[in-house]
Structure formats: structure tokens, C-alpha cells
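Numbering (my numbering), first residue to last: 66 to 230.
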Ligand SMILES: [Zn+2]
């Protein structure tokens with residue numbers, strides 16, 4: 066096999082772009098799609114073959130992965146998913162139920178995050194006004210402390226904004 070042919074083999078685990086030929090080819094197991102999220106690859110999509118029979122613990126098979134699911138921890142996530150899917154008594158309905166509870170939990174967490182974000186914006190907004198006024202008045206009314214307090218509030222708000230993004 067030439068060096069070029071070897072570099073073209075998908076088993077080199079390098080990211081590649083799906084071609085007409087890839088899509089038309091007969092793929093075993095899950096077919097030509099992401100083993101993690103199930104998306105079917107179309108011409109032009111990025112994908113990668115991941116070797117997973119690493120010999121440490123149970124193997125859940127090698128798999129294809131899409132750009133969205135790929136990452137440095139993809140193998141760890143694959144093994145974690147396999148441990149859940151192949152746990153004793155696990156079946157489609159148990160997994161479906163787990164997804165349903167996680168969705169509900171996610172909706173709650175998202176709502177809480179949005180409420181927290183709004184609360185921080187509400188706190189920071191009047192602070193901005195006070196800060197501006199204090200600066201305009203040369204800090205004679207509220208003094209440097211008010212100005213400093215506002216700056217602290219805005220610094221905290223910006224930190225929280227970043228964390229809650
Ligand atoms: Zn995926």
C-alpha cells in the first residue's frame with residue numbers, strides 16, 4: 066500500500082469530509098452516521114472513525130463520530146454511554162426514561178440560569194446610573210466609595226455573565 070493510500074484510509078482516525086462514495090458505501094452496524102447522536106452523514110459533513118477497543122475495560126465497539134459530538138474526551142463519553150446502555154436491566158425504555166428526566170432537569174436549570182442572569186442585569190443597571198451620576202458630580206454627593214461599589218457590582222455582573230453564557 067502506498068503512503069497516499071494509507072493516509073486516505075479512514076482507520077487513521079483523522080477527520081474527513083463525507084463524499085458521494087462514503088454515503089453510498091455499505092457500512093456495517095449503525096450505518097454511515099454518528100454512533101453517539103445518530104445523525105446520518107451527508108455529502109460534505111465532517112466525520113471521523115474512532116478506535117475504541119482499547120482493552121481497558123469492556124469494549125462497546127469502534128464508531129463513527131460527527132463534528133458536534135467529537136472532542137478530546139469522546140472516547141471517555143463513549144465508554145460512559147456504553148456502561149449505561151449495557152448496565153444490567155437497561156433497555157430502550159429505561160434509557161428513554163432517563164432522557165425524559167434529563168430534559169425536564171435541563172429545562173429547570175435553564176430557567177434558573179435565565180432568571181439569575183436577569184437578576185444580575187437588574188442589579189447592575191441602576192448601579193450604572195449611580196456610577197454615572199457620581200462621576201458627573203465629581204463624586205461629591207456619593208463619594209468615591211459609591212463609585213467603587215458600582216464598579217465592583219459591574220465587575221461581578223460581567224464575571225457572572227461570562228460564567229452563565
Ligand atoms: Zn454526533
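Glycine residues also receive a C-beta, built at the ideal position from the N, C-alpha and C atoms. Treat the numbers as computed from the prediction; the structure is a model and nothing was measured.
{"Query": "Whether residue 111 touches residue 132 by CB criterion (8 angstroms)", "Result": "yes"}
{"Query": "Of the listed residues 123, 217, 181, 85, nearest to residue 108 (C-alpha basis)", "Result": "85"}
{"Query": "Exposure label - residue 98; buried when at least 16 CB within 10 Å", "Result": "buried"}
{"Query": "Cα-Cα separation, residue 188 to residue 218", "Result": "8 angstroms"}
{"Query": "For residue 216 and residue 160, the rounded distance between their alpha carbons", "Result": "48 angstroms"}
{"Query": "Alpha-carbon to alpha-carbon, residue 115 and residue 140", "Result": "8 angstroms"}
{"Query": "Reduced DSSP secondary structure (H/G/I, E/B, other) of residue 115", "Result": "strand"}
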